Each structure stands twice: as structure tokens, then as C-alpha cells.
Amino acid sequence: MQHTSTSGKTSTGRTTETTGHPGRRPLGTTETTFNPGIYKAGTKAKAPESKQVELDTKALQARTWERQKAMWAITNIKALAGCHRWRSGSSKGVSLKWANNGSSRFAGLQNSNSVWASPIPAVAIGKRRVQEATTAVKNWHDMHDNASVLLLTLTLPHAHGTALKDSLEALKAGWAGIIGTTSWKKDREAYRLPWWHKALEITHGQNSFHPHFHVLLFCERTLSTTEVEALKARLFDRYAKRLEKHGWQRPSWEHGIDLVQSTGRDDAIMMGAYTAKGIAESWNAASEVAGQAFKEAKGTNRTPWQILDDIAAGAPGTPEYRRDVAIWREYEATTRGVKQTSWSTGAKKALSVNVLKDEDVATGEVLGEDEATEDYVVADIPAKAWAELCDDVHKRLDIANYVAKATTAKEAQQRAHKILDLWGIEHRSVLLEVEAPGRVWKVATDESRALLAVDPGSTWL
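Heads up: the sequence shown runs through residues 94 to 554, numbered per the working numbering.
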């Protein structure tokens, strides 16, 4: 049925199940702390002080879309400006899809697949990367009775105004100094460290950008206090020497390196529960490595997403606003094409981890590992109507969330027609099953879901 509505956007033009209003929503954060009980140099150590954030799914969605809109307004990269905003080249309009896993999204849009600079794909990819890291940790503990996982963190000193490009090159050189030597081969054999998984995280502080590596070292046994300290010293020595050779200031022992050991299968399960019900940010090895998109920076440092928050809340033309926009533009340009995560040769196969490419994750059209969904197109929105809707991220969320609550495809079609009509959005009501596999996120293990009572269905796109 072709349906064209000319109704206005009145105060009564809402359904009782839509969320919020077209304006900015409160996000409702809750601060808490978490101490999983890690071992550092043989003593039980507290987790680093950090702002722990618990958001329900709708609040996290709202925040992420606010960041997306802020990015659209200031980016210098066309692919980012159109990400989840403009129609894809082959699309004459935009489709509203519903899936039987309780999700709904707009399809036929451009996607930058950027884990660094586009909040929407970053959340999707981040969820997948967390799942991959936690699966690896859990599988490792299942394979070895006395196994352990060590978290290695590498940072470097930086002066005011240091370019992000220079810092990234120095950090990369320092890592090569650790593993690109015969000493690393000796360490692997002596400490039984066959595999590693590395992730890059970037924050911005008072001086400049602060890139750092988080590395999971998979150990076939539990190391003693003395062994952990000795390994840390060996790694630091090679790291510091390579940075100096690269022309960088020598890092300090206190701030340049950290090495902690987490043992036990229960710890691995907690690692797997990093993302659940919107977000449950726990400090542990796997979450440190994989969850940058969900993190709140520590101290005075800001994550890129917090910089977008400040831009969204700022006043254009002020010195602070211009500064933050300049920071963001350097960041988005420098990180373009940079890999966020990597695995040692053979690690993915040995740890039974299916690692997807960023673009495969971000499209949301890959077959899930646990289950497949049935996807249906329940409404088509023509190009002109989409041009009027595309920048209203809160209205888009309200529509998608309302349709997602349907329990059948027919109900989803009816819901889509109802809410689009009430908003006065021209559309064609349809019911068409999509043959391609639907989008399924294996965010956490079944044990992790049970632990945090995770609802596997969520609406993002």
C-alpha cells in the first residue's frame, strides 16, 4: 500500500511507547567501581581508579547518536559525514527493517566502517572485538588447567603539541623492539607465551594525544611473583631502548609499562561479560584490550568520544570549541586506515576465535555464530522524505525502537506504518522477507549473559 501522510508534528502525534522527545535526552549515568582481584608482583592489587559507567540500552543509544550527529557537523572526511546518514549510491530510498531477534534499523545507508571516528560502527565493531577477546581468554582457560593471561600495557612520554602521527610511529617502534628480537623468542619459551592479542587505544590529555597498547599475553602456566617481575623488566628494557633508538624520550618504569596477571576460569567469564544490557564496564584484561568505544577516560584525559561530547555541548566560535574541533580533525585524519587490533600469527586458529573484518561487522549483515535472524522490510521511505528525517537522530531512534518491540513481522509492519504516519513521514507500507542472513551479535557467552541478565536484542541502526 502506498501511503503518503501530510499530518503535522503535533504534541499528540506520538505513540505511548516511543521514548523521550525530539530534544536532547538525559543520559542517566551511574558511577561505580569494580575490583576483580588481579595479581601484580604477587600481591592482590586494586583495579585502576576509573569512572565506571552503567547505561541502559536506550541511554547508550541516545548518547551514541548524539556523538554521531556531532561528528557529522565537524568532520572533514566525506565518508564520515555520510556514515549512517546519507543514502548509499545504489539506493533510491531507505528501508526500515525489523528482525525477529527484537531489533529494527534503517537500511540502504552509507557506512564508513570506521572503528575510530564514527560512533555507530565503532559500537558495533567494539562489541564484536570484546566478544572475540573474551572468547579467546575463556577458550584458553578451558584448554589449560594452570593457564593464565597477562595484561601488558605500554605507554610513552609525550610533550605538549606532539603530533599523533609521531606518537603512533614511536609506539609501533617500541612494540617491534619487544617482539622483533631473539630475546622475545627466549621469553616465549621460558615463560611459555605462545600467543598474544594487541589493541591500540587513544586518548587526549593536557599535553597531547596519548596512544597506548593493551596486549593480552596467553601463558600456559601461572607465573610466580618473581617471574612476573622479571618478565616485566625484560620487556621494559627492550621497549625503552627501542624508543630511544627511535629518537624518543626514554619512558619511566612507573608509567611506561604495566604487567598484571589474571588467573582462573571465573575471571575469564567476567572478562566475557564486559558488554551487556547496553554497557557494564568492568576493569579486567579483556575489557582493557577491546572496549575503547565504551570507555570513559581516566583522570584529565578524554577519549575521542568524550571530545565529541564536549563539541556537541560547546558553543561554536569559542576557543574551547575551535580547539576541540582541531583535535578531532587531527585524530580522524591520522587514524584513517590504522588497525585497532591484531593477533600473533596462528593465535586466532589456536584460540578458536572467528575474527571478522571491520566492514563485515559494521554492515551487520553477516551470519551470526549462534543463530540466524529473519529480516523483513516493513516500510520504504523515499529519498525526499529521508532527506528531511536523516539528521533527526532522536526521531530515528524513536521510530526504530517502537518497531523493534513487535513480536511478529505483521505487527512490525503495522507499528512502522503507525509511527511514520504520526510523524508525518511519507512512506510505503510493505512486508517483504529479506533472504540474506540477518544481523546477530554474539556479544557475550551464554554464561556471561546469565551473569548479567543480558537481553540479546538491541536496536542500533
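Backbone N, C-alpha and C fix where the C-beta goes; we use that ideal spot for every residue, glycine too. The model shown is predicted, which means the values in this text are computed figures rather than measured ones.
Worksheet entry | Run of the alpha helix (DSSP H) containing E322, from where it starts to where it stops | Segment T318 to K338, the alpha helix (DSSP H) holding E322.
Discussion item. At the level of alpha carbons, what is the spacing between G298 and A406?
Written reply: For G298 and A406, the distance between alpha carbons rounds to 19 Å.
Worksheet item: Does the beta-carbon distance from R343 to L352 come in below 8 Å?
Response: Not in contact: R343 and L352 (Cβ atoms no closer than 8 Å).
Item to complete: Have a look at S437 and L524 and give me their C-alpha separation to the nearest angstrom.
Response: Computed Cα separation, rounded: 46 Å.
Worksheet entry | Counterpart residues of Y469 in DSSP-defined beta bridges | Note: Y469 sits in a beta bridge opposite W191 and E526.
Item to complete: State the Cα-Cα distance for the pair V187 and N447, rounded to the nearest angstrom.
Response: A direct Cα-Cα distance of roughly 31 Å separates V187 from N447.
Practice prompt. Measure the alpha-carbon distance for Y284 versus W277 and round it to whole angstroms.
Written response: C-alpha separation (whole angstroms): 10 Å.
Fill in: Burial state of K503 (16 or more Cβ within 10 Å)
When all chains shown are included, K503 counts as exposed.
Item to complete: Would you kindly report the start and end of the unbroken beta strand (DSSP E) that includes I170?
Response: That residue, I170, is in no beta strand (DSSP E); it is neither H nor E in DSSP.
Worksheet item: From E519 to L189, what distance separates their C-alpha atoms?
Response: Straight-line Cα distance between these residues: approximately 13 Å.
Worksheet item: Looking at C-beta atoms only, is the number of pairs between the segment 164-179 and the segment 468-484 that lie closer than 8 Å three or more?
Response: Under the three-pair Cβ rule at 8 Å, the segment 164-179 counts as touching the segment 468-484.
Item to complete: Mind checking who L444 pairs with in its DSSP beta bridge?
Response: In the DSSP assignment, L444 forms no beta bridge with any residue.
Practice prompt. Please name the residue in E425, I512 and N193 whose C-alpha comes closest to that of A499.
Written response: Comparing C-alpha distances from A499 to each of E425, I512 and N193 shows the shortest one belongs to N193.
Worksheet entry | Residue range of the beta strand (DSSP E) that includes R198 | Counting along the chain, the beta strand (DSSP E) containing R198 begins and ends at S196 to A200.
Discussion item. Between E423, V223 and C312, which has its C-alpha nearest L261's C-alpha?
Written reply: Residue E423 is the option with its Cα nearest to L261.
Worksheet item: By how many angstroms is the C-alpha of A269 removed from the C-alpha of D468?
Response: So the alpha carbons of these two residues sit roughly 45 Å apart.
Worksheet item: Under a three-way DSSP split, which group does H237 fall into?
Response: Assignment of H237 by DSSP, reduced to helix, strand and coil, places it in the coil class.
Practice prompt. Report the residue from T228, I213, P397 and P250 whose alpha carbon sits nearest the alpha carbon of W158.
Written response: Answer by Cα proximity: I213.
Worksheet entry | I400 beta carbon less than 8 Å from that of Y630 | With the chain covering 94 to 554 only, the question about residue 630 has no answer from this structure.
Discussion item. Whole angstroms are fine: how far does the CA of H303 sit from the CA of A256?
Written reply: Taking the straight line from one Cα to the other gives about 10 Å.
Discussion item. The alpha helix (DSSP H) that contains S260, what's its start and end?
Written reply: It spans L257 to I272 - the alpha helix (DSSP H) in which S260 sits, taken as one unbroken run.
Worksheet item: What number of angstroms, rounded off, separates the C-alpha of A166 from the C-alpha of T411?
Response: Rounded to whole angstroms, A166 to T411 spans 16 Å at the Cα level.
Worksheet item: According to the neighbour-count rule (16 or more other Cβ atoms, all chains shown, within 10 Å of its Cβ), is E526 buried or exposed?
Response: Under the 10 Å beta carbon count, E526 is surrounded by fewer than 16 other beta carbons and is classified as exposed.
Fill in: Local conformation of S301 per DSSP, three classes
When DSSP states are grouped into helix, strand and coil, S301 belongs to the coil group.
Worksheet item: At which residues does the beta strand (DSSP E) containing T434 begin and terminate?
Response: Taken as a continuous stretch (DSSP letters only), the beta strand (DSSP E) holding T434 covers T434 to W436.
Worksheet entry | Where W179 sits in the DSSP three-state scheme | Reduced to three states, the DSSP call for W179 is coil.
Fill in: Distance between beta carbons of H307 and L244, contact taken as under 8 Å
Yes, they are in contact, since the Cβ atoms of L244 and H307 sit about 7 Å apart, within 8 Å.
Discussion item. So for S184, helix, strand or coil by DSSP?
Written reply: In the structure shown, S184 adopts coil according to DSSP, grouped into three states.
Discussion item. Relative to the C-alpha of A505, which candidate in S522, A163, L515 and G517 has its C-alpha closest?
Written reply: Closest option to A505, Cα to Cα, is S522.
Fill in: When A326, K291 and G182 are compared against Q433, the one with the closest alpha-carbon
Sorting A326, K291 and G182 by C-alpha distance to the C-alpha of Q433 places K291 at the top.
Worksheet item: Could you give the distance in angstroms between the alpha-carbon of S445 and the alpha-carbon of S211?
Response: In a straight line, the C-alpha of S445 is about 29 Å away from that of S211.
Worksheet item: For N394, which option in K442, R331 and H305 has the closest C-alpha, if you only look at C-alpha atoms?
Response: Scanning K442, R331 and H305 for the CA closest to the CA of N394 turns up H305.
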